[in-house]
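**Student:** Supplied in structure tokens, the structure appears directly below.
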Amino acid sequence: MRTALSFLVLLAAACGTPRASYDLVVSNGRVMDPESGLDQVRSIGVIADRIAVISEQPLAGKDTIDASGLIVAPGFIDLHSHSIPGGGQPWQVRDGVTTALELEEGAYPVAEWLTALEGKSLINYGVSAGHIPARIAVIQGARTVAEEGAWREKGEEAQPPAWSHHAATPDQRSQIGKTLEDGLDHGGLGIGFELNEAPGSTREEVLSLFKIAQAKGVPIYAHLRLMGLDPITGSLAGVQEVLSDALVSGASTHFVHLGSSTGTFAKPVVEMIEAARTHGLDVTGEVYPYTAASTGIQTGMFDGDWQSRLGIGFGEIEWPPTGERLTAATFPRYRKQGGAVIIHSMKDEHVDFLVGHPGIIIASDAMPLIDGRGHPRGVGTFARVLGRYVREKNTLPLMEAIRKMTLLPAERVRGAAPRMARKGRIAVGADADLAIFDPATVIDRATFADPQQASAGIPYVVVNGTVVVRKGDLVTGVHPGRAIKRGDQ
Ligand SMILES: [Zn+2]
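In numbering that gives the first Met the number 0, the protein residues as written are 0 to 488.
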């Protein structure tokens, strides 16, 4: 049906007789599609939520965006956002993001997480079934998303919580598996792991859950168990654990935030990922374009001798509410209190390498801003790649950057949700998700000192055919974002 319609529309366009009027026309933009390689000035006609025509001729529409001098790209797809229910969407959409997915941490119950966003979402959304949320549900007894959030916000590390530090009994392990299967059956797009935040998870438990992902045809989204500089027990060991489980189970596997996870090991890790792909494994990775990381100060990352393990000291850790760098005196006080910290731990050369590397996906790891403070990556990641890495540093070509922010993440999710074949590209029949930006001015403005500054140079964003950002401003009262669920066609 769709193919027939597309053919007719194409035929009409080819004959120079497009429809009299489209719902929305994006006229005279430089259309860049990473799938077909199209890079020409075109006008796009949208009917309802789909691209109906891509034309060399002028088109008429009920609503028109004049994209002269601007790039028209597929809307950016963020595989890694923790700020979806946390007020992040208005920031992310002005960064060109039209789909943001919570795949690393995930959720439980998945159905409840999805339902809460129905009809209220600026951009498309989706979630994985989360290993830690499942552990909290089974071991700690939290049963709702709200209860789970409360557990995690307490900073209850004075007594390490059972969900993170206890090994599951055989019965609990099977319940964790069933909980995750339930999440996948309710639309979860994969299984999300944050292994270093749940050090009690045995190798056996983790491998058994990779097998569930393989059986359900969804990827694993993996934050490593082992990280840091140690040549035996550091990041390489963490990557090898995950690759081993991917091989043994056959599950597709995605490594989250390679910059913060691998540090100085970025190059050997990318070589390992590429070699695994050569040997037939479906393995991918992502990076965010910043040299500072962010995570909870109460997490297992700061257990034991983290200074030598991670190669950083108190002075590399920033407390966002005040902007202060921590000391031996303030660290334990804030750890007891709990909350996200910013960790200035990475080097430019490694982040440049990952951002510039073909095949490594760009994803933000957006965290909610709390009292206006927090890591700027949830506000500026995509404009930062286009402005700083493409235009200023010439780290990678523009089309490659667009591919890493659109087509590649769509393809990562497509196996679980076939409808992603309509996202991440500009083609007749594709979903009308568009990021329209000025290549000469696009830039991130959010900083560590003041993250509440929306990206500049992205004047228009379209989600499912609805204009959500117009002349750089959020359009009020529109919520065109839709859920993306496992099995969606
Ligand atoms: Zn993570």
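Even glycine gets a Cβ: it sits at the ideal position worked out from N, Cα and C.
Predicted, not measured: the structure shown is a model, and the values here were computed from it.
Check for me: the alpha helix (DSSP H) holding residue 461 runs from which residue to which?
**Tutor:** Looking at the DSSP string, residue 461 is not in any alpha helix (DSSP H); the run it does join, the beta strand (DSSP E), is 459-462.
**Student:** For the stretch 437-445 against the stretch 17-26, are there 3 or more C-beta pairs whose distance is under 8 Å?
**Tutor:** no
**Student:** Report the rounded CA-to-CA distance for residue 379 versus residue 337, giving the unit in angstroms.
**Tutor:** 25 Å
**Student:** Pull every residue with its beta-carbon under 7 Å away from any heavy atom of ligand 1, and keep them in chain order.
**Tutor:** 103, 193, 222, 255, 256, 294, 364
**Student:** Terminal residues of the continuous beta strand (DSSP E) containing residue 54?
**Tutor:** 49-54
**Student:** Just to confirm before moving on: does the CB-CB distance between residue 492 and residue 166 stay below 8 Å?
**Tutor:** Since the first residue of the chain shown is 0 and the last is 488, residue 492 is not available in this structure.
**Student:** Which class does residue 252 belong to by DSSP, given the choice of helix, strand or coil?
**Tutor:** strand
**Student:** With a cut-off of 8 Å, do at least 3 Cβ pairs link the stretch 245-252 to the stretch 330-346?
**Tutor:** no
**Student:** Quick one: grab the DSSP three-state call for residue 123.
**Tutor:** strand
**Student:** Based on the DSSP output, what are the partners of residue 472 in its beta bridges?
**Tutor:** 469
**Student:** Quick check on the DSSP output: what are the complete alpha helix (DSSP H) runs of length 4 or more inside the stretch 355-413, in order along the chain?
**Tutor:** Unbroken alpha helix (DSSP H) runs of no fewer than 4 residues, entirely contained in the stretch 355-413, are found at 376-383, 397-404, 406-413, following chain order.
**Student:** Quick check on the burial criterion: 16 or more other C-beta atoms within 10 angstroms. Buried or exposed for residue 278?
**Tutor:** Around the CB of residue 278, fewer than 16 other CB atoms lie within 10 Å, so the residue is classed as exposed.
**Student:** Quick one: Cα of residue 135 to Cα of residue 141, how far?
**Tutor:** Put simply, the backbone Cα of residue 135 is about 6 Å away from that of residue 141.
**Student:** Looking only at DSSP bridge pairs, what is residue 192 linked to?
**Tutor:** Residue 192 pairs with 221.
**Student:** Quick one, are the C-beta atoms of residue 29 and residue 45 less than 8 Å apart?
**Tutor:** no
**Student:** Can you name, in chain order, every residue of its own chain whose Cβ lies under 6 Å from the Cβ of residue 261, other than the five neighbours on each side?
**Tutor:** Closer than 6 Å at Cβ, skipping near neighbours: 234, 268.
**Student:** Could you pull the DSSP bridge partners for residue 31 from this structure?
**Tutor:** 38
**Student:** As a quick exercise: from 225, 53, 123, 90, pick the residue whose alpha carbon is nearest that of residue 374.
**Tutor:** 90
**Student:** Just grab the DSSP bridge partners of residue 129 for me.
**Tutor:** 191
**Student:** I'd like to know whether the C-beta atoms of residue 398 and residue 77 end up nearer to each other than 8 Å.
**Tutor:** With respect to residue 77, residue 398 sits apart: the two C-beta atoms are not nearer than 8 Å.
**Student:** Helix, strand or coil for residue 436 per DSSP?
**Tutor:** Judged by DSSP in its simplified three-state form, residue 436 adopts strand.
**Student:** Taking the beta strand (DSSP E) that residue 454 falls in, what are its first and last residues?
**Tutor:** Bounds of any beta strand (DSSP E) do not take in residue 454, whose DSSP letter is neither H nor E.
**Student:** Where does residue 264 fall in DSSP's three states?
**Tutor:** Assignment of residue 264 by DSSP, reduced to helix, strand and coil, places it in the helix class.
**Student:** Going by other Cβ atoms of all chains shown within 10 Å of its Cβ, with 16 needed for buried, is residue 321 buried or exposed?
**Tutor:** With fewer than 16 Cβ atoms within 10 Å of its Cβ, residue 321 is classed as exposed.
**Student:** Keeping to the same chain, check which residues put their C-beta closer than 8 Å to that of residue 13; ignore five residues upstream and five downstream.
**Tutor:** Confidence in residue 13 is poor, its pLDDT being 43 and thus under 50, which makes the residue's placement unreliable; the coordinate value appears in the next sentence. Cβ neighbours of residue 13 beyond the five flanking positions: none.
**Student:** Whole angstroms are fine: how far does the CA of residue 108 sit from the CA of residue 288?
**Tutor:** 31 Å
**Student:** Compute the beta-carbon to beta-carbon distance between residue 434 and residue 125, rounded to the nearest angstrom, for a pair I have assumed lies under 8 Å.
**Tutor:** For a cut-off of 8 Å, the C-beta gap from residue 434 to residue 125 is around 18 Å, too long to register as a contact.
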